[in-house]
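Working notes, beginning with the structure itself.
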């Protein structure tokens with residue numbers, strides 16, 4: 214293998230790595246922003262939600278070079294459902310409807326299982342159990358962030374955001390590794 218071929222391969226690896234990390238960073242940033250805006254009843258909440266819901270489209274665009282548009286769109290649909298369920302669950306919590314919040318939470322966890330299954334079916338290097346564990350951990354962290362935001366424990370909330378980011382980046386790295394191994 215000559216140096217030029219090696220360089221192209223390195224560039225490709227870096228591009229995929231950076232793209233996946235950027236997408237998962239945005240996922241966490243806009244999730245945090247939306248939670249904060251909703252709990253604080255800030256006027257930017259609807260815009261934060263709109264931007265958060267752009268994240269699945271961003272994932273779709275980055276995945277199309279590796280998977281078909283159809284497959285990438287299916288992932289985007291599942292991810293959008295994940296975000297809408299979380300937003301609706303937060304609305305139910307804030308409106309004092311625990312029964313609705315619990316129903317949505319069950320659907321949210323089922324959606325995470327659906328995402329894990331889907332990803333394991335499109336890439337042999339992505340294990341279903343690994344994705345399920347990572348996604349469930351992500352959901353628990355989002356729930357914890359809602360609790361911290363509601364409790365107004367600002368210091369712990371800020372430090373917990375660092376933990377959410379680390380966990381999201383581990384999902385990004387796992388996603389990157391699978392894409393690079395498959396293609």
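Residue numbers (my numbering): 214 to 396.
We put the CB at the ideal spot given by N, CA and C, even for glycine.
These figures come from a predicted structure and were not determined experimentally.
(request) Flag this pair as yes or no: are the beta carbons of residue 339 and residue 328 separated by less than 8 Å? (result) No, the Cβ-Cβ distance between residue 339 and residue 328 is not below 8 Å.
(message) With H, G and I counted as helix, E and B as strand and the rest as coil, what does DSSP make of residue 309?
(response) In the structure shown, residue 309 sits in coil (DSSP, three-state: anything other than H, G, I, E or B).
(request) To the nearest angstrom, report how far apart residue 228 and residue 308 are at their CA atoms. (result) When the Cα atoms are used, residue 228 and residue 308 turn out to be separated by approximately 43 Å.
(request) Identify which residue in 266, 395, 296 and 310 has its Cα closest to the Cα of residue 352. (result) Looking only at 266, 395, 296 and 310, the smallest Cα-Cα distance to residue 352 is reached by 296.
(message) If you measure between the beta carbons of residue 247 and residue 289, is that distance less than 8 Å?
(response) Result no, Cβ atoms of residue 247 and residue 289 do not sit closer than 8 Å.
(request) Tell me, please, whether the CB atom of residue 347 is closer than 8 Å to any CB atom in chain B? (result) Judged by its chain identifiers, the structure shown contains no chain B, having just a single protein chain.
(request) With DSSP collapsed to three states, give me the class of residue 257. (result) In the structure shown, residue 257 sits in coil (DSSP, three-state: anything other than H, G, I, E or B).
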